[in-house]
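A.B. asks: One structure follows; several queries about it will come next.
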Amino acid sequence: MAAKSSELSDALKRFSRYTMQQYRTRYLLARLTQHVDMAFSGIKSLGSLEPYTSLEIEHILPDTPTAELQGKWATEKHHRCL
2 MAAKSSELSD ALKRFSRYTM QQYRTRYLLA RLTQHVDMAF SGIKSLGSLE
52 PYTSLEIEHI LPDTPTAELQ GKWATEKHHR CL
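The sequence shown begins at 2 in this note's numbering and counts up one residue at a time.
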């Protein structure tokens, strides 16, 4: 299990919106959101992904951030969230 954990961590660090087809990205994000919702709501079984189909992907950084923005992002220690 630890090997898969590091493999997943590595894959998520390299993930961008260009590394996977959009419908697969939406599916992955819907499943992740569903698991988070389950953890905090007490629901025990996975249901339909229909409630997650209208969610939008919010970009927090531009595709090509300026050096200034990259520097600010790094100094504020947000990089550990990526």
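A virtual CB, placed ideally from N, CA and C, is assigned to each residue, including glycine.
Report the CB separation of Tyr53 from Thr34 in whole angstroms; it is logged as a contact under 8 Å.
C.D. replies: 6 Å
A.B. asks: Taking the Cβ atom as the reference point for each residue, do Ala31 and Leu50 lie within a distance shorter than 9 Å?
C.D. replies: Yes, the pair counts as a contact, with Cβ atoms nearer than the cut-off.
A.B. asks: With a CB to CB cut of under 8 Å and the five nearest residues on each side skipped, what residues in its chain are close to Pro63?
C.D. replies: Here the set comprises Leu70.
A.B. asks: Looking at the structure shown, is His60 part of a helix, part of a strand, or coil, going by DSSP?
C.D. replies: coil
A.B. asks: Measuring straight from C-alpha to C-alpha, what distance separates Ser17 and Glu59?
C.D. replies: 13 Å
A.B. asks: Is Ile44 near the ligand ADP, going by C-beta to nearest heavy atom under 8 Å?
C.D. replies: By its list of ligands, the structure shown contains no ligand whatsoever, and the ligand ADP lies outside what it can speak to.
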